[in-house]
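Peer 1: Structure provided below as structure tokens; questions to follow.
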Amino acid sequence: VIPQNMYTEHRFLVGAAALASSMLFYKVLLQLWLQRKRKRKVVITGGCGNLGIKLATHLLKQPEDYDVVLIEHPDYYAEDRVPTRSRVVLADLKDGLGEWRAALANADALVHFSAVCPYPNANWE
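Residue numbers for the sequence shown follow this note's numbering, beginning at 70 and rising by one.
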């Protein structure tokens, strides 16, 4: 025979464990839902080049999923090539203290397409 107070304590502990596990389940479920809804920040160096523009255009076909930041050297910036809904940071990557460092804050991905190209106006479509 189990004393009454021991039985009640056991029921309380089982109930508390069930509540804690269900709270953990809902916490994990909420985190997964919030991660799904959060935009992914993608930073592309060489953003006004052929590859940078193609990737940015592709990602921005789903604007609710991606926030695209293009980093471009001021000498190669071409405003007419920049996709709508993207943000441009004009900076030289050789400048260690440049504005590009702030653009990397909270980035989910960095795609490095920046390079010295002997044909900066080439169209490779």
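The C-beta atom is built at its ideal place from N, Cα and C for all residues, glycine as well.
Using the C-alpha atoms, what's the distance from A125 back to D177?
Peer 2: Sequence index remark: in the sequence shown, residue 177 carries index 108 (1-based). Sequence index remark: in the sequence shown, residue 125 carries index 56 (1-based). So the alpha carbons of these two residues sit roughly 15 Å apart.
Peer 1: Since V180 contacts S155 with CB under 8 Å, what's their CB separation in whole angstroms?
Peer 2: What you label residue 180 is simply residue 111 of the sequence shown in a count that begins at 1. What you label residue 155 is simply residue 86 of the sequence shown in a count that begins at 1. 13 Å between Cβ atoms; not a contact.
Peer 1: Return the first residue and the last residue of the alpha helix (DSSP H) that L173 is part of.
Peer 2: Counted from its first residue, the sequence shown places residue 173 at position 104. No alpha helix (DSSP H) holds L173; DSSP gives it neither H nor E.
Peer 1: Are R150 and C117 touching if we call contact CB-CB under 9 Å?
Peer 2: As a position in the sequence shown, residue 150 is number 81, starting the count at 1. As a position in the sequence shown, residue 117 is number 48, starting the count at 1. Cβ distance < 9 Å, so R150 and C117 count as in contact.
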